[in-house]
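**Student:** Here the protein sequences line up with chains A and B, keeping their order. Using our numbering, the letters of the first sequence map in sequence onto residues 917 to 1030. Using our numbering, the letters of the second sequence map in sequence onto residues 469 to 577. Each residue gets a CB set at the ideal place from its N, CA and C atoms; glycine is no exception. What you are looking at is a predicted structure, and each value in this text was computed from that prediction instead of being measured.
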Amino acid sequence: NAGVTQTPKFRVLKTGQSMTLLCAQDMNHEYMYWYRQDPGMGLRLIHYSVGEGTTAKGEVPDGYNVSRLKKQNFLLGLESAAPSQTSVYFCASSYRGAGANVLTFGAGSRLTVL
Amino acid sequence: LAKTTQPISMDSYEGQEVNITCSHNNIATNDYITWYQQFPSQGPRFIIQGYKTKVTNEVASLFIPADRKSSTLSLPRVSLSDTAVYYCLVGDETDKLIFGTGTRLQVFP
Chain A
917 NAGVTQTPKF
927 RVLKTGQSMT
937 LLCAQDMNHE
947 YMYWYRQDPG
957 MGLRLIHYSV
967 GEGTTAKGEV
977 PDGYNVSRLK
987 KQNFLLGLES
997 AAPSQTSVYF
1007 CASSYRGAGA
1017 NVLTFGAGSR
1027 LTVL
Chain B
469 LAKTTQPISM
479 DSYEGQEVNI
489 TCSHNNIATN
499 DYITWYQQFP
509 SQGPRFIIQG
519 YKTKVTNEVA
529 SLFIPADRKS
539 STLSLPRVSL
549 SDTAVYYCLV
559 GDETDKLIFG
569 TGTRLQVFP
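1) From the DSSP output, which residues share a beta bridge with Y1005 of chain A?
2) Does the structure place the region 950 to 959 of chain A close enough to the region 998 to 1008 of chain A that three or more beta carbon pairs sit under 8 angstroms?
3) Report yes if the C-beta distance between T472 of chain B and H492 of chain B is below 8 angstroms; otherwise report no.
4) Taking only the alpha-carbon atoms, compute the straight-line gap between G1013 of chain A and F1021 of chain A and give it to the nearest angstrom.
5) Along chain A, which residues have their Cβ under 7 angstroms away from the Cβ of I566 of chain B?
6) Exposed or buried, A1008 of chain A, counting other C-beta atoms within 10 Å across all chains shown (16 or more means buried)?
7) Within its chain, find whatever has a CB closer than 6 angstroms to the CB of V928 of chain A; leave out the 5 residues flanking it on each side and keep chain order.
8) To be precise: take each residue of the region 485 to 511 of chain B, compare its Cβ to all Cβ atoms of chain A, and keep it if any distance is under 9 angstroms. Which residues remain?
9) Taking the straight line between their C-alpha atoms, what separation do you get for E975 of chain A and P533 of chain B?
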């Protein structure tokens, strides 16, 4: 099994451009999450989903949108990228709520906004 | 969501046992305690999870006292490859997880 796959792994954007990060999991997990991690910092939750067709805001949702049209996919969109969104983005999934279940993370997507 | 407090950093030498303590004074009845490990440029990886008393697996032990207001991750005989950031998280099955800044463990030869 591939686990959690994130695409792309690297991306450079100019300020104001838009892009979408794709997260795919093959473990039939209900819950999916998007985190961002700035250098030397911990992970901050952007948005999450508790099932197909649902999304909810995390700690730092501003400037991002998400969609969960299929159970196995969780998309993170940046409509108008800003330099402050330069970060490493991690997707994760879990069978149920991550507090009592194991979170499986992807390898990360490194985004640079110039 | 119960908040956690853990040391920002710790140093150790190869072959020593390392204990990282996490404080979670307002842990709720249904909350579990979970530890993750993160290497540079990688996503966090699950280490161990427990609810009470002691849990042991092939890589670590987790000690939880009766009041569950703290927990201790024990890494036996660390090696250089254990140099990483370790996160303690508390939550139940309905929770999203909020990560703190973690404990940066540096293992020296």
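**Tutor:** Judging by the given coordinates:
1) A:R952, A:S1025
2) yes
3) yes
4) 14 angstroms
5) L961, E975
6) buried
7) T1028
8) N498, D499, Y500, T502, Y504, Q506, S509, Q510, G511
9) 30 angstroms
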